[in-house]
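Enquirer:
In this note's numbering, the protein residues as written are 15 to 242.
1. Would you mind sorting residue 134 into buried or exposed? The rule is 16 or more other CB atoms within 10 Å of its CB.
2. Should the stretch 212-219 be called in touch with the stretch 187-195, which here means at least 3 C-beta pairs below 8 angstroms?
3. Using a threshold of 8 angstroms, state whether the C-beta atoms of residue 230 and residue 144 are closer than that.
4. Give the C-beta separation of residue 184 and residue 236 to the nearest angstrom, bearing in mind that I take them to be a contact with Cβ-Cβ under 8 angstroms.
5. Given a cut-off of 8 angstroms, decide if residue 139 and residue 87 are closer than it, judged by their beta-carbon atoms.
6. Is it buried or exposed, residue 103, if we count other Cβ atoms within 10 angstroms and call 16 or more buried?
7. Are there 16 or more other CB atoms within 10 angstroms of the CB of residue 222, so buried, or fewer, so exposed?
8. According to DSSP, is residue 192 part of a helix, a strand, or is it coil?
9. Rounded to whole angstroms, what's the CA-CA distance from residue 241 to residue 151? Just pull it up for me.
10. Would you check whether the ligand ADP has a heavy atom nearer than 7 angstroms to the C-beta of residue 115?
11. Please state whether the Cβ-Cβ distance between residue 97 and residue 108 is less than 8 angstroms.
12. Which residues does DSSP pair with residue 167 in a beta bridge?
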């Protein structure tokens, strides 16, 4: 039997964890469930292992054309970020981010929550938690893919697209589950008349090798920019 992935590699998500815990409590009340055993990683312990996350992969393409880019990512841009959640059954949901405070937004779906917290002006932490309120499992999540202002900026090439400056690939900070996750970057950004640099992308997708369910969670950080 395969061992359950479990690692934590960051301590900077306390506010979003508190918000997520509050959302979970609300979900429990709405579902009339008295208790929910949260298999939470305590995002305060540093462990070097990165088991459960298998890396970043880019899909080339013609790209989305924008006039300009900058590194600032306000909360309003997170709120405008489309989300598509695909279940193992093939069902698709589109939860919407709602602001919880000045730096955190939460999208609540059918038995799961997705949290986004602004770590810095250019770095955002995203987290998925399955609440074990439904047997439906999650196999992938797509962020972006429309004409939203928030886009994603890879570590290299650097320098890349004008205005994007230094980026950061997806870095897993907490994994709880019996699956591996991979980040897939698609729909590259084309700024003005310059050619596509393959550093900034319009969509970021997280693929899971098996369904996320029963209290599983996945948290990661990534560089986010704004497109105009």
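Here a beta-carbon is modelled for each residue, glycine too, at the ideal position from N, C-alpha and C.
In this text, all values refer to a predicted model and were calculated from it rather than measured experimentally.
Expert: Taking the geometry as given:
1. Position 120 of the chain shown holds residue 134. Residue 134 is exposed by the Cβ-count criterion.
2. no
3. The residue you call residue 230 lines up with position 216 of the chain shown. The residue you call residue 144 lines up with position 130 of the chain shown. Their beta carbons are under 8 angstroms apart, which means residue 230 touches residue 144 by this criterion.
4. Position 170 of the chain shown, counting from 1, holds the residue named residue 184. Position 222 of the chain shown, counting from 1, holds the residue named residue 236. Right, the Cβ-Cβ distance comes to about 5 angstroms (below 8 angstroms), so this counts as a contact.
5. One-based indexing of the chain shown puts residue 87 at position 73. One-based indexing of the chain shown puts residue 139 at position 125. Result no, Cβ atoms of residue 87 and residue 139 do not sit closer than 8 angstroms.
6. Position 89 of the chain shown holds residue 103. By the neighbour-count rule (16 or more Cβ atoms within 10 Å), residue 103 is not buried but exposed.
7. The residue given as residue 222 occupies position 208 in the chain shown. Buried.
8. The residue labelled residue 192 in the question sits at position 178 within the chain shown. The answer is coil: DSSP assigns residue 192 none of H, G, I, E or B.
9. Along the chain shown, one-based indexing puts residue 241 at 227. Along the chain shown, one-based indexing puts residue 151 at 137. Rounded to the nearest angstrom, the two C-alpha atoms are 33 angstroms apart.
10. As far as ligands go, the structure on display features none, and thus does not contain the ligand ADP.
11. Mapped onto the chain shown, residue 97 falls at position 83. Mapped onto the chain shown, residue 108 falls at position 94. Contact flag set, yes.
12. Here the question's residue 167 lines up with position 153 in the chain shown. Partner(s): 214, 237.
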